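Protein sequence lines correspond, in order, to chains A and B. Residues 1097 to 1482 (our numbering) are what the first sequence spells out, left to right. Residues 1097 to 1482 (our numbering) are what the second sequence spells out, left to right. Every residue gets a Cβ at the ideal spot worked out from N, C-alpha and C, and that includes glycine. Treat the numbers as computed from the prediction; the structure is a model and nothing was measured.
Protein chains: 2
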Amino acid sequence: MNNFEFKNPTKIIFGKDTISKLSEELPTDARVLILYGGGSIKKNGIYDQVKTALKDISHVEFGGIPANPEYSVLMKALKVIKEESITYLLAVGGGSVIDGTKFLSSAALYEGDSPWDILKDSKRTEVGMPFGTVLTLPATGSEMNSGAVITNAETKEKLGMGGPGLFPQFSILDPQVIQSIPQRQLVNGITDAFTHVLEQYMTYPAAALLQDRFAESIMQTLLEVAPTILKDSTDYNAASNFMWSCTMALNGLIQKGVPTDWAVHAMGHELTALYGIDHARTLAIIAPSHYQYNFEAKKEKLAQYAERVWNITEGSIDDKAYAAIEKTESFFNQMGIETKLSKYTDDFDGTAEIIAKRFTERGWLGLGEHKSLKPEDVEHIVHMAY
Amino acid sequence: MNNFEFKNPTKIIFGKDTISKLSEELPTDARVLILYGGGSIKKNGIYDQVKTALKDISHVEFGGIPANPEYSVLMKALKVIKEESITYLLAVGGGSVIDGTKFLSSAALYEGDSPWDILKDSKRTEVGMPFGTVLTLPATGSEMNSGAVITNAETKEKLGMGGPGLFPQFSILDPQVIQSIPQRQLVNGITDAFTHVLEQYMTYPAAALLQDRFAESIMQTLLEVAPTILKDSTDYNAASNFMWSCTMALNGLIQKGVPTDWAVHAMGHELTALYGIDHARTLAIIAPSHYQYNFEAKKEKLAQYAERVWNITEGSIDDKAYAAIEKTESFFNQMGIETKLSKYTDDFDGTAEIIAKRFTERGWLGLGEHKSLKPEDVEHIVHMAY
């Protein structure tokens, strides 16, 4: 097991009808900015629950944060924060709204020339404006971690940021919100969380027995509840396990003491930036090719995953490992996710070269758990995913 | 899944040679009281590592905190805290030293007449004197939770305390400390951690699929590493998984959203108070009888545990459930732990009645996950454990 440090101070408030607890978590003298997305919270009743809970707390609103939170939109929200003397941010939404709120938490206290530098120069946020979240879409785990990914439409870039100042003070997780999520988003959420676990698990054996079993537990649980959720999103037992699995998939716990990969995300982000493909779907496009291309380096963990998560007990290590990649791809397919780029765009020719070139230009010269994947490897992997 | 709240702000610093990081975690202007036990840290080098790390930080020491931290000894430490104007506590030890330090953290800021009232009246500690830990004995999980159990030799009582103010600010976990732990303590640690998981798992199915799998993961890992650790405690892979499993067994995570039992601990504490039997061994004495006595209420989870942890796949639910109890008892026996009270004392006659009477007098009238076990049930269970 590798040495590690772990600290996650976010308070989780989980369960039925918990949104009403919101006011207990906010300072009574706070001036709150509520941030949300396209307005679905006004149709499904979450907005009303939040407004009721905040009736005695001073607040204003900023809606319209898009999927893949866009820098130019967030800069408008930053203007509101300054003009309205906001002291506390409240994200009501999924990963995009929460990630956007994290950027604002950092930017609100940033003293440099341009907040874009936080992303461009990978500036770590030690202290941000305090914020909480009401999660409306389980998927990214952003509700209990200190990372965010922000998109710049102008430059077609997706860049990450983070730091200990960006943990939510609290996150309210009411699994009942799942009832009003469109099927497409549910499928994306399951795929996103599942792939998060793979990124922290599908590397090489590192004698981290407990972390391996925790990672497998999350994947087993997601596989177990996925069919129920997609058939009946009012099933509270399935919804609550789905929601908690998404949070646990990326709250830092399973990555501690183990090597991590994240090459699937690095390549996937480029597909979203270039073609606007849903984040989760880009992961499902890249993952199978990535594991095939890096088969020798990953086959021991692929075989362990085959045995423990897919109950594949017959055959050699290679047999099991291949079968596990196939099982993973067909799991995505069965949920209705296409795993080839050509199913999303006719304009895919040259994509592999473009992405490889971008990595070279940005100086991203070593991806994966060994930091050994070069732009030419990226080119191969993306090609395999056509 | 039940509703829950979860917040655990303790910073974990885990791995080889991490004790040297101690000074980074303490405020530079702190006046530190180092608390430790019987002095084994002076033989195994841990004391020297701590002293080296604290060379530039003002500190005094208080040694001699016994196993099952004793109120009268802690009151002497409290006097030192006041006389020396201590601002920060540092526990260097196992669960007893850490639990004692938690009591002192609370008592140092307590404004009532007698600190014993914190225990007697179950007063929740919202704010305590800040403290950190250097863990020398993996077992209790006290290094990453906010609970403590204190013993009063005079009244032969063991009472619990807790509250959000009692999380360590940081805990340093260097698995190399395991090398110098006597076999008896290692066996106790494995048994203690394993039983902690059972208390939070062996109840009834509550549709908490992920929590169940996490609990099973910890037990599987403990079973996997136990033989290696007992054979060769210098095996770092086994030691690190053992240490991290003990912490995860009782840091709050696996108990969230599920019913918990803790009757084994409630009865076990009485055996320690009456006979001075090692805490872990009292759990191994009580657990098998407890599960047999409450078989009908627990058999579904017992059967799930049989399948997933012990790979018992044949037979009816009852068959599997019984087999799991047997496997658990023989796991304790194989490590050299006797699971009958009569192996520890000749003076056991009447113990069941005494313990039942104590529960009645204290008003502890409903133990277990259904709060349905009455003193007469306790009497039966302890009798079965003779």
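Could you spell out the range, first to last residue, of the alpha helix (DSSP H) harbouring B:E1101?
Where B:E1101 is concerned, there is no enclosing alpha helix (DSSP H), although the beta strand (DSSP E) it sits in stretches over F1100 to F1110.
Return the chain-ordered list of same chain residues with a C-beta closer than 6 angstroms to the C-beta of B:S1329, the five sequence neighbours on each side being excluded.
Cβ within range, chain order: I1274 and Q1275.
To which residues does DSSP link B:K1483 through a beta bridge?
A question about residue 1483 of chain B goes unanswered here, because the residues of chain B that appear run from 1097 up to 1482.
Between the region 1288-1297 of chain A and the region 1252-1263 of chain A, are three or more C-beta pairs nearer than 8 angstroms?
Flag = no, the region 1288-1297 of chain A and the region 1252-1263 of chain A do not touch.
Using beta carbons (cut-off 8 angstroms, strictly below), is A:M1298 in contact with chain B?
Output row for A:M1298: interface = no.
Starting from A:G1191, follow the alpha helix (DSSP H) in both directions and report where the run begins and ends.
Element bounds for A:G1191: G1191 to A1204.
Listing by chain order, which chain A residues have their CB less than 9 angstroms from the CB of B:M1344?
In chain order: L1306, F1310 and L1349.
Does the Cβ of B:I1108 have 16 or more other Cβ atoms within 10 Å, making it buried, or fewer, making it exposed?
So B:I1108 counts as buried.
For B:G1228, write down the residues that DSSP places opposite it in a beta bridge.
DSSP output for B:G1228 lists B:L1186 and B:F1266 as bridge partner(s).
Determine the chain B residues that contact A:G1432 at a beta-carbon separation under 9 angstroms, and present them in chain order.
Result: empty, since nearest Cβ-Cβ is about 23 angstroms, beyond 9 angstroms.
Taking DSSP's pairing of strands, which residues face B:V1128 in a bridge?
Bridge partners of B:V1128: B:H1155 and B:Y1184.
What did DSSP end up calling A:E1166 once you bin it into helix, strand or coil?
Strand.
In angstroms with no decimal places, state the Cα-to-Cα distance between B:E1396 and B:I1413.
Cα to Cα, the separation comes out at about 7 angstroms.
Under three-state DSSP, which class holds A:L1469?
Here A:L1469 sits in strand by DSSP.
For the alpha helix (DSSP H) that B:L1349 lies in, which residues bound it at each end?
No alpha helix (DSSP H) holds B:L1349; DSSP gives it neither H nor E.
So that I know if they touch, is there some Cβ in chain B lying closer than 8 angstroms to that of A:E1101?
Output row for A:E1101: interface = yes.
Take B:G1196 and list the residues in its own chain whose beta-carbon comes closer than 6 angstroms to its own, dropping the five residues that flank it on each side.
Once the five neighbours on either side are set aside, the close Cβ partners of B:G1196 are I1161, P1165 and L1170.
Taking B:G1135 and B:V1193 to be in contact with their CB atoms under 8 angstroms, please state how far apart those CB atoms are, rounded to whole angstroms.
Between B:V1193 and B:G1135 the Cβ distance is about 12 angstroms, and since that is not below 8 angstroms, they are no contact.
Could you tell me the alpha carbon to alpha carbon distance between B:I1153 and B:G1224, rounded to whole angstroms?
When rounded, the distance between both Cα atoms is 21 angstroms.
Take the Cβ of B:T1148 as the centre, count every other Cβ of all protein chains shown within 10 Å, and call the residue buried at 16 or more, exposed below.
Result: exposed.
In angstroms with no decimal places, state the Cα-to-Cα distance between B:P1105 and A:F1102.
Computed Cα separation, rounded: 10 angstroms.
Given a cut-off of 8 angstroms, decide if B:L1262 and B:K1219 are closer than it, judged by their beta-carbon atoms.
Not a contact, by the Cβ cut-off of 8 angstroms.
Going by DSSP in three states, A:L1398 sits in which element: helix, strand or coil?
Here A:L1398 sits in helix by DSSP.
In chain A, which residues lie with their C-beta within 7 angstroms of the C-beta of B:N1337?
Under the 7 angstroms cutoff, chain A gives M1097, L1305 and L1306.
Quick one: what's got a C-beta closer than 6 angstroms to A:Y1401's C-beta in the same chain, skipping five residues either side?
Cβ neighbours of A:Y1401 beyond the five flanking positions: A1420.
Within 10 Å of its beta-carbon, does A:I1450 have 16 or more other beta-carbons around it, so buried, or fewer, so exposed?
By the 10 Å Cβ count, A:I1450 comes out exposed.
Would you tell me roughly how many angstroms separate the C-alpha atoms of A:D1288 and A:D1209, rounded to the nearest one?
Going by the C-alpha atoms only, they are around 34 angstroms apart.
For B:P1123, count neighbouring C-beta atoms within 10 Å of its own C-beta (all shown protein chains included) and say buried if the count is 16 or more, exposed if not.
Result: exposed.
Is B:Q1316 close to chain A? Criterion is C-beta to C-beta, closer than 8 angstroms.
For B:Q1316, the answer is yes, since a Cβ of chain A falls inside 8 angstroms of its Cβ.
Mind checking B:L1185: buried by the 16 CB within 10 Å criterion, or exposed?
Classification for B:L1185: buried.
Any Cβ of chain A within less than 8 angstroms of the Cβ of B:I1108?
It does: the Cβ of B:I1108 has a partner Cβ on chain A nearer than 8 angstroms.
Excluding five sequence neighbours on each side, which residues of the same chain lie with their C-beta closer than 8 angstroms to the C-beta of B:N1347?
Here the set comprises N1104, T1106, G1237, M1240 and N1241.
Which residues in chain B sit within 9 angstroms of A:E1396, going by Cβ to Cβ distance?
Within chain B, no residue comes near A:E1396; the closest Cβ sits about 15 angstroms away, beyond 9 angstroms.
Please decide whether A:W1340 counts as near chain B, where near means a Cβ-Cβ distance under 8 angstroms.
Yes, A:W1340 counts as interfacial toward chain B.
So what does DSSP say about B:L1305, is it helix, strand or coil?
Reduced to three states, the DSSP call for B:L1305 is helix.
Assign B:T1251 to buried or exposed, taking buried as 16 or more other Cβ atoms, counted over all protein chains shown, within 10 Å of its Cβ.
Exposed, because fewer than 16 other Cβ atoms sit within 10 Å of the Cβ of B:T1251.
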